[in-house]
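Colleague: Would you mind keeping the following structure in view while I ask a few things?
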Amino acid sequence: MQIALLLGAAAVLLEPAAALNDGLALTPPQAWTSWDLCRFEVNATVIKEVAEALNSSGLRALGWNTLQIDEGWEACADYGHYVGEFSTCKKQTPRDAQGRIVANNTKFPGGIKPLADWLHARGFKVGIYTSASASACGGNWGSRGHETTDAKAFAEWGIDWVKVDNCDYGGWADLIESQRVMSAAIQATGRPMIIQIGAGDHMPLLTNPNSSSGGDSYARSFADQAWVWGSEISHTWYTGSDKQNTWASTVNNVLQNYRGAEFFQKPGAWNFAGDLWCGTAEHGTPVVGDPGGIKMSVIEEHSTYALFTIMAAPPMLGCDIRHLSAETLAYLSNTELLAVNQDKWGIQGSVVNLGDGSQIIAKPLSDGAFALALWNTGAATANVSAAWKFLRPAHTGSSMTVRDIWNRRDLGVHAGGFSAMVPGHGVTIVKATPGRV
Numbered sequence: 002m003q004i005a006l007l008l009g010a011a012a013v014l015l016e017p018a019a020a021l022n023d024g025l026a027l028t029p030p031q032a033w034t035s036w037d038l039c040r041f042e043v044n045a046t047v048i049k050e051v052a053e054a055l056n057s058s059g060l061r062a063l064g065w066n067t068l069q070i071d072e073g074w075e076a077c078a079d080y081g082h083y084v085g086e087f088s089t090c091k092k093q094t095p096r097d098a099q100g101r102i103v104a105n106n107t108k109f110p111g112g113i114k115p116l117a118d119w120l121h122a123r124g125f126k127v128g129i130y131t132s133a134s135a136s137a138c139g140g141n142w143g144s145r146g147h148e149t150t151d152a153k154a155f156a157e158w159g160i161d162w163v164k165v166d167n168c169d170y171g172g173w174a175d176l177i178e179s180q181r182v183m184s185a186a187i188q189a190t191g192r193p194m195i196i197q198i199g200a201g202d203h204m205p206l207l208t209n210p211n212s213s214s215g216g217d218s219y220a221r222s223f224a225d226q227a228w229v230w231g232s233e234i235s236h237t238w239y240t241g242s243d244k245q246n247t248w249a250s251t252v253n254n255v256l257q258n259y260r261g262a263e264f265f266q267k268p269g270a271w272n273f274a275g276d277l278w279c280g281t282a283e284h285g286t287p288v289v290g291d292p293g294g295i296k297m298s299v300i301e302e303h304s305t306y307a308l309f310t311i312m313a314a315p316p317m318l319g320c321d322i323r324h325l326s327a328e329t330l331a332y333l334s335n336t337e338l339l340a341v342n343q344d345k346w347g348i349q350g351s352v353v354n355l356g357d358g359s360q361i362i363a364k365p366l367s368d369g370a371f372a373l374a375l376w377n378t379g380a381a382t383a384n385v386s387a388a389w390k391f392l393r394p395a396h397t398g399s400s401m402t403v404r405d406i407w408n409r410r411d412l413g414v415h416a417g418g419f420s421a422m423v424p425g426h427g428v429t430i431v432k433a434t435p436g437r438v
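Those letters in the sequence shown? Residues 2 to 438, by our numbering.
Here it is as structure tokens:
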């Protein structure tokens, strides 16, 4: 199937890349990442505590059963440009006599494998971080030149998910090729591992395709974007920048996820919109990744989760699971919201109508209904309307049974469309089912 996209005055005809088709990540993969909570202070004790909290809170049973250990687990020989954050890092040899990458023995006694065994015994899976470049994004050692050795080590440790970052490369073609080499090495191990690539962090908006930074060679065509080629070598890829704990970052990442990427998402191949900063608005728990405190309001945090839900973005939790408020746990445990994100069709919701200060995002569901996000992009409360005629296939003149899936309440039958008063920066997310239910 070819996809025709209109970019400016030029039409681009592209053939979506084949997915890995290895049976992994058939719905958006759920995980928790250490990056936002710990940065380089990640250690085995914190990982175990978060795992126990995921289990006791019921979140593991809802699918959040993977703990992704981000950068900072390595035996670091270079403090890189994050100097000062490696307070527990000892200057160790980054590789052993056989060239295998090793873990920081202070933070991970005995290495990664004992921790992976501990997690597996309790029903969890474990992810690891590496970089396809010679050095990782925070200054630790990457896998370049050691791809086969490192991939085999990950398989031997029992790794189930590999995040392959890339911040140190010699141009755009080099970035893509280095990701391909690392992916091939991971696949060659024979162990099923979800592959996540981080190329999207360095992608410009298409309105400025020739931009550059620090001599870096950026993508110069739509075909270079990760969502076009990413499914050949990975299960999920960044479509934009790292998600920060701000509303501006939410808006930026959502918009970057709608630069044509939505047409390439499918089961086994997902647009990754960033980590979810969940719970910081309610209680302001300090984390290493957010030393400045609260950055989003409760409404903005809820809207972020709703928008990521309807985009079918992999829900990667970045918060301190050990100290979730009741309100945060309630929305993360909302099975109706989760069902929208995890719908087996894997369709990313599409923007079907742009209003004055609002957007309507619609996602067809496998049961014949639609999930709708009524997004008030303005700062003041406003009436936001969704007309059935904008749905595909169109439902002009028909009636829909509407249910508020955030608050889990029925809103009755609505002819022609649905309207709601939505607070500034808020999202009302509903399920609309044709006819009367």
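Where a beta carbon is used, it is the ideal one built from N, C-alpha and C, also for glycine.
Just so it is clear, the structure is predicted and the values come from calculations on it, not from any experiment.
1) In whole angstroms, what separates the C-alpha of E263 from that of L338?
2) Taking one C-beta from the stretch 28 to 38 and one from the stretch 94 to 103 each time, how about it: are there three or more such pairs within less than 8 Å?
3) I406 by DSSP, collapsed to three states: which one?
4) Going by DSSP, what residues sit across from A32 in a beta bridge?
5) Which same chain residues end up closer than 7 Å to A11 when comparing Cβ atoms and leaving out the 5 residues on each side of it in sequence?
6) Could you please give me the residues that DSSP links to C196 through a beta bridge?
7) Do V252 and the ligand NAP come close, with the Cβ less than 6 Å from some heavy atom?
8) Could you check if H426 is buried or exposed, using at least 16 other CB atoms within 10 Å of its CB as the buried criterion?
9) Taking the continuous alpha helix (DSSP H) assigned at N253, which residues delimit it?
10) Does R181 come out as helix, strand or coil in the three-state DSSP assignment?
11) Can you look up K49 in the DSSP assignment and give me helix, strand or coil?
12) Taking only the alpha-carbon atoms, compute the straight-line gap between R101 and M183 and give it to the nearest angstrom.
13) Measure from the alpha carbon of N253 to the alpha carbon of each residue in L355, D166, T378, then state which is nearest.
14) So for Y450, helix, strand or coil by DSSP?
15) To the nearest angstrom, how far is the alpha carbon of E283 from that of R192?
16) Tell me the rounded alpha-carbon separation between F109 and E328.
17) Bridge partners of G356, per DSSP?
18) Does the stretch 148 to 164 touch the stretch 125 to 136, meaning 3 or more C-beta pairs lie closer than 8 Å?
19) Quick check on the burial criterion: 16 or more other C-beta atoms within 10 angstroms. Buried or exposed for R145?
20) Below 8 Å on the Cβ atoms is my contact criterion, and I expect I362 with I311 to pass it. Report the Cβ-Cβ distance as a whole number of Å.
21) Does the beta-carbon of S420 have 16 or more other beta-carbons within 10 angstroms, so that it is buried, or is it exposed?
22) With three or more beta-carbon pairs closer than 8 Å as the criterion, would you say the stretch 47 to 67 touches the stretch 313 to 325?
23) Thinking C-beta only, is V414 closer than 7 Å to T429?
24) Kindly indicate the opening and closing residues of the beta strand (DSSP E) around F155.
25) Cβ atoms of I113 and W173: under 7 Å apart, would you say?
26) Sort A20, P268, F273, F265 by Cα distance to N251 and report the nearest one.
27) Do you know how far the Cα of T240 is from the Cα of D439?
28) Could you tell me if S235 is buried or exposed, where buried requires 16 or more neighbouring beta carbons within 10 angstroms of its beta carbon?
29) Which same chain residues end up closer than 8 Å to V47 when comparing Cβ atoms and leaving out the 5 residues on each side of it in sequence?
30) What residue range is occupied by the uninterrupted alpha helix (DSSP H) comprising Y239?
31) Rounded to the nearest angstrom, what separates L256 and L355 at their Cα positions?
32) Suppose the cutoff is 7 Å on Cβ atoms and the five residues either side in sequence are ignored; what does the same chain contact list for Q360 look like?
33) Kindly indicate which residue of H121, L25, E75, L116 has the alpha-carbon position closest to the one of A137.
34) Determine the closest residue to A416 out of K432, S399, R409, with distance taken between C-alpha atoms.
35) My guess is that F125 and G73 are in contact by the Cβ rule of under 8 Å, so how many angstroms apart are they, rounded?
36) Here's a check: name, in chain order, each residue in its chain whose Cβ is nearer than 7 Å to the Cβ of W389, leaving out the five neighbours to either side.
Modeller: Taking the coordinates as given:
1) The residue given as residue 263 occupies position 262 in the sequence shown. The residue given as residue 338 occupies position 337 in the sequence shown. Answer to the nearest angstrom: the Cα atoms are 19 Å apart.
2) no
3) Position 405 of the sequence shown, counting from 1, holds the residue named residue 406. In the structure shown, I406 sits in coil (DSSP, three-state: anything other than H, G, I, E or B).
4) Translated into positions along the sequence shown, residue 32 becomes position 31. A32 is bridged to M317.
5) To locate residue 11, count along the sequence shown from 1; it is residue 10. Any reading at A11 is ruled out, since the residue's pLDDT is 35, under 50, leaving its predicted position unreliable.
6) In the sequence shown, residue 196 corresponds to position 195, counting from 1. Here the sequence assigns Ile to residue 196, which means Cys is not the residue at that position. I196 pairs with V163.
7) Within the structure as shown, the ligand NAP is missing, as the structure has no ligands at all.
8) Counted from its first residue, the sequence shown places residue 426 at position 425. The residue is buried, with at least 16 neighbouring Cβ atoms inside 10 Å.
9) Mapped onto the sequence shown, residue 253 falls at position 252. Segment 248 to 257, the alpha helix (DSSP H) holding N253.
10) As a position in the sequence shown, residue 181 is number 180, starting the count at 1. Of the three classes helix, strand and coil, the one that applies to R181 here is helix, per DSSP.
11) In the sequence shown, residue 49 corresponds to position 48, counting from 1. In this structure, K49 counts as helix in the three-state DSSP scheme.
12) Against the sequence shown, residue 101 aligns to sequence position 100. Against the sequence shown, residue 183 aligns to sequence position 182. Each residue's alpha carbon lies about 15 Å from the other.
13) For this step, residue 253 is matched to residue 252 along the sequence shown. The shortest Cα separation from N253 among L355, D166, T378 belongs to T378.
14) As shown, the chain starts at 2 and ends at 438. That puts residue 450 outside it, with no answer to give.
15) Here the question's residue 283 lines up with position 282 in the sequence shown. Here the question's residue 192 lines up with position 191 in the sequence shown. Any reading at E283 needs caution, since the residue's pLDDT is 49, under 50, leaving its predicted position unreliable; the model's value is listed next. Going by the C-alpha atoms only, they are around 40 Å apart.
16) Along the sequence shown, one-based indexing puts residue 109 at 108. Along the sequence shown, one-based indexing puts residue 328 at 327. Each residue's Cα considered, the two are about 33 Å apart.
17) Numbered from 1 along the sequence shown, position 355 holds the residue referred to as residue 356. Answer is S359.
18) yes
19) Your numbering for residue 145 matches position 144 in the sequence shown. With 16 or more Cβ atoms within 10 Å of its Cβ, R145 is classed as buried.
20) Your numbering for residue 362 matches position 361 in the sequence shown. Your numbering for residue 311 matches position 310 in the sequence shown. So it is a contact: roughly 5 Å between Cβ atoms.
21) Taking the first residue of the sequence shown as 1, we reach residue 420 at position 419. That one is exposed.
22) yes
23) By one-based count along the sequence shown, residue 429 stands at place 428. By one-based count along the sequence shown, residue 414 stands at place 413. Their beta carbons are not under 7 Å apart, which means T429 does not touch V414 by this criterion.
24) One-based indexing of the sequence shown puts residue 155 at position 154. Looking at the DSSP string, F155 is not in any beta strand (DSSP E); the run it does join, the alpha helix (DSSP H), is 148 to 158.
25) Along the sequence shown, one-based indexing puts residue 173 at 172. Along the sequence shown, one-based indexing puts residue 113 at 112. Against a cut-off of 7 Å, the Cβ pair of I113 and W173 comes out as no contact.
26) Numbered from its first residue, the sequence shown carries residue 251 at position 250. Reading off the sequence shown, one finds Thr at residue 251, where the question assumed Asn. When only C-alpha atoms are compared, the closest one is F273.
27) The question about residue 439 has no answer, for the chain in this structure spans 2 to 438.
28) Translated into positions along the sequence shown, residue 235 becomes position 234. By the neighbour-count rule (16 or more Cβ atoms within 10 Å), S235 is buried.
29) On the sequence shown, residue 47 is found 46 positions in, with the first residue counted as 1. S35, L38, C39.
30) In the sequence shown, the residue the question calls residue 239 occupies position 238. Unbroken run through Y239 is the beta strand (DSSP E), 237 to 239; no alpha helix (DSSP H).
31) Along the sequence shown, one-based indexing puts residue 256 at 255. Along the sequence shown, one-based indexing puts residue 355 at 354. Near 13 Å, if we compare the C-alpha coordinates of L355 and L256.
32) Position 359 of the sequence shown holds residue 360. V352, W376, T378.
33) In the sequence shown, residue 137 corresponds to position 136, counting from 1. The shortest Cα separation from A137 among H121, L25, E75, L116 belongs to E75.
34) Locating residue 416 in the sequence shown gives position 415, where the first residue counts as 1. The shortest Cα separation from A416 among K432, S399, R409 belongs to S399.
35) Here the question's residue 125 lines up with position 124 in the sequence shown. Here the question's residue 73 lines up with position 72 in the sequence shown. Their Cβ separation, rounded to whole angstroms, is 19 Å, which puts F125 and G73 out of contact at 8 Å.
36) Residue numbering aside, residue 389 sits at position 388 when the sequence shown is read from its first letter. H396, T397, S399, M401, G417, G418, listed in sequence order.
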